[in-house]
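Visitor: Numbering (our numbering), first residue to last: 33 to 299.
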C-alpha cells in the first residue's frame with residue numbers, strides 16, 4: 033500500500049526558493065524509493081506464496097502416489113541379459129543418508145531324481161519233497177526303497193500258471209482238474225514292520241490272503257504303500273509265501289514254476 037505525501041512550501045525572498053526546490057526533489061526521490069520497496073516486497077511475497085503452493089502440491093501428490101520426491105535415482109538393480117528385473121536405486125538426498133534398491137522375483141530351483149529299489153532275499157523257493165495232502169510252503173523276503181510320493185505297488189505273476197511237471201508239461205499242479213487231479217498251488221503275502229518315517233505311511237492294504245494260482249496272466253498284488261520309504265535291510269518290508277499241496281495221484285517227478293515280481297513306483 034502506498035502512502036501519499038503532501039509537500040507544502042512557499043516562496044520567499046532570497047535564498048529560501050532554492051531550499052524549497054531541494055526539499056521538493058528529496059521528497060520525490062523518497063516517494064520513488066517507497067514505491068520500489070513496495071513493489072519488491074509484493075513480488076517477494078508472491079514468489080514465496082507460489083513456492084509454498086508448489087511445495088504443498090508436490091507433497092500431496094507424492095503422498096497420494098506413495099512416492100518420496102526428496103530423492104534421487106543414482107543407479108539401478110538388474111539381472112544380466114534381461115530388463116525384466118530392472119529397478120531404481122534411490123538416494124535420500126542427505127549426508128549422512130542412505131541409498132537403497134532391490135531386485136525381486138529371483139527364483140531358486142532344484143530337482144530330486146526319483147529312486148526305486150527292490151531286493152529279494154533269495155533266487156528260488158524250494159518246497160522240498162511233497163507229501164500227499166500235506167501243504168508245503170516257502171518264503172522270500174522283499175525290501176523296497178523309494179521316494180515316490182504315493183508309494184509303491186508290488187505284484188507277483190506265475191510264469192506257467194501252476195507247478196509244471198518238467199518231464200511232461202501237460203501235468204499241472206493247481207486247483208484245476210484239467211489233468212484229472214485237483215491239487216493246490218497258492219501265493220500269499222504279509223507286510224512286516226514299517227521302516228518308513230513319513231507321517232501317514234500305510235503298508236498293509238496290499239496284503240494277499242492265500243490265493244490259488246491257476247493262470248499266468250494275473251498280476252497278484254502282494255504289497256502296496258502310499259508314501260516314500262527307505263531301503264532298510266534291518267526290517268524286510270514284506271514276506272511272500274508260496275505253497276503247494278500234492279494229491280496221492282499227482283504224477284511223480286520234478287515240478288517247477290517261475291515267478292515275476294514287479295514293483296511300480298507312483299511318483
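Here a beta-carbon is modelled for each residue, glycine too, at the ideal position from N, C-alpha and C.
If you drop the 5 nearest sequence neighbours on each side, which residues of the same chain put their C-beta closer than 8 Å to that of residue 181?
Guide: Here the set comprises 259, 260, 298, 299.
Visitor: Give the secondary structure of residue 63 by DSSP, where H, G and I count as helix, E and B as strand, and everything else as coil.
Guide: helix
Visitor: Rounded to whole angstroms, how far is the Cβ of residue 189 from the Cβ of residue 256, which I believe are closer than 8 Å?
Guide: So it is not a contact: roughly 16 Å between Cβ atoms.
Visitor: Pop quiz: residue 223 and residue 270 are said to be a contact at Cβ under 8 Å. What is the actual Cβ separation, rounded to whole angstroms?
Guide: 5 Å
Visitor: Buried or exposed for residue 90, please, with buried defined as at least 16 other CB atoms from any protein chain shown within 10 angstroms of its CB.
Guide: Here the model assigns residue 90 a pLDDT of 46, short of 50, so the residue's position is not dependable, and the following value carries that caveat. When all chains shown are included, residue 90 counts as exposed.
Visitor: So is residue 278 buried or exposed if we call it buried at 16+ other beta carbons inside 10 Å?
Guide: Around the C-beta of residue 278, 16 or more other C-beta atoms lie within 10 Å, and the residue is accordingly described as buried.
Visitor: Going by Cα to Cα distance, which pick from 283, 268, 184, 232 is closest to residue 238?
Guide: 184
Visitor: Who are residue 175's beta bridge partners in DSSP?
Guide: 151
Visitor: So the candidates are 126, 116, 107, 291; which of them puts its Cα closest to the Cα of residue 218?
Guide: Comparing Cα positions, the closest option is 291.
Visitor: Report all residues from its chain with a CB closer than 8 Å to the CB of residue 133; omit the five preceding and five following residues, and keep chain order.
Guide: Excluding sequence positions up to five before and after residue 133, its CB lies within less than 8 Å of the CB of 107, 108, 109, 119, 120, 121, 122, all in the same chain and listed in chain order.
Visitor: The beta strand (DSSP E) with residue 219 in it runs from where to where?
Guide: 216-223
Visitor: Can you tell me the Cβ-Cβ gap for residue 162 and residue 276, rounded? I've got them flagged as a contact below 8 Å.
Guide: Contact flag correct, Cβ pair sits at about 6 Å.
Visitor: When the distance is taken between beta carbons, is residue 273 closer than 8 Å to residue 215?
Guide: no
Visitor: Looking at residue 295 and residue 172, is the spacing between their C-beta atoms short of 8 Å?
Guide: no
Visitor: How would you call residue 206, buried or exposed, if buried means at least 16 neighbouring beta carbons within 10 angstroms?
Guide: buried
Visitor: Closer than 7 Å by C-beta to residue 300: which residues in its own chain qualify, once you throw out the five before and the five after it? Chain order, please.
Guide: The structure shown does not extend to residue 300, since the chain spans only 33 to 299, so no value can be given for it.
Visitor: Closest to residue 147 by C-alpha separation, out of 140, 124, 158, 179, would be which residue?
Guide: 179
Visitor: For the beta strand (DSSP E) containing residue 123, name the first residue and the last one.
Guide: It spans 114-123 - the beta strand (DSSP E) in which residue 123 sits, taken as one unbroken run.
Visitor: Excluding the 5 residues preceding and the 5 following residue 234 in the sequence, name in chain order all residues of the same chain whose CB lies nearer than 6 Å to its CB.
Guide: 258
Visitor: Rounded to whole angstroms, what is the Cα-Cα separation between residue 94 and residue 131?
Guide: Residue placement at residue 94 cannot be trusted, given a pLDDT of 48 that sits under 50; what the coordinates show is reported in the next sentence. Spanning the two alpha carbons is a distance of roughly 19 Å.
Visitor: Leaving out the 5 sequence neighbours to the left and right, which residues in its chain are closer than 6 Å to residue 104 when beta-carbon positions are compared?
Guide: 123, 125
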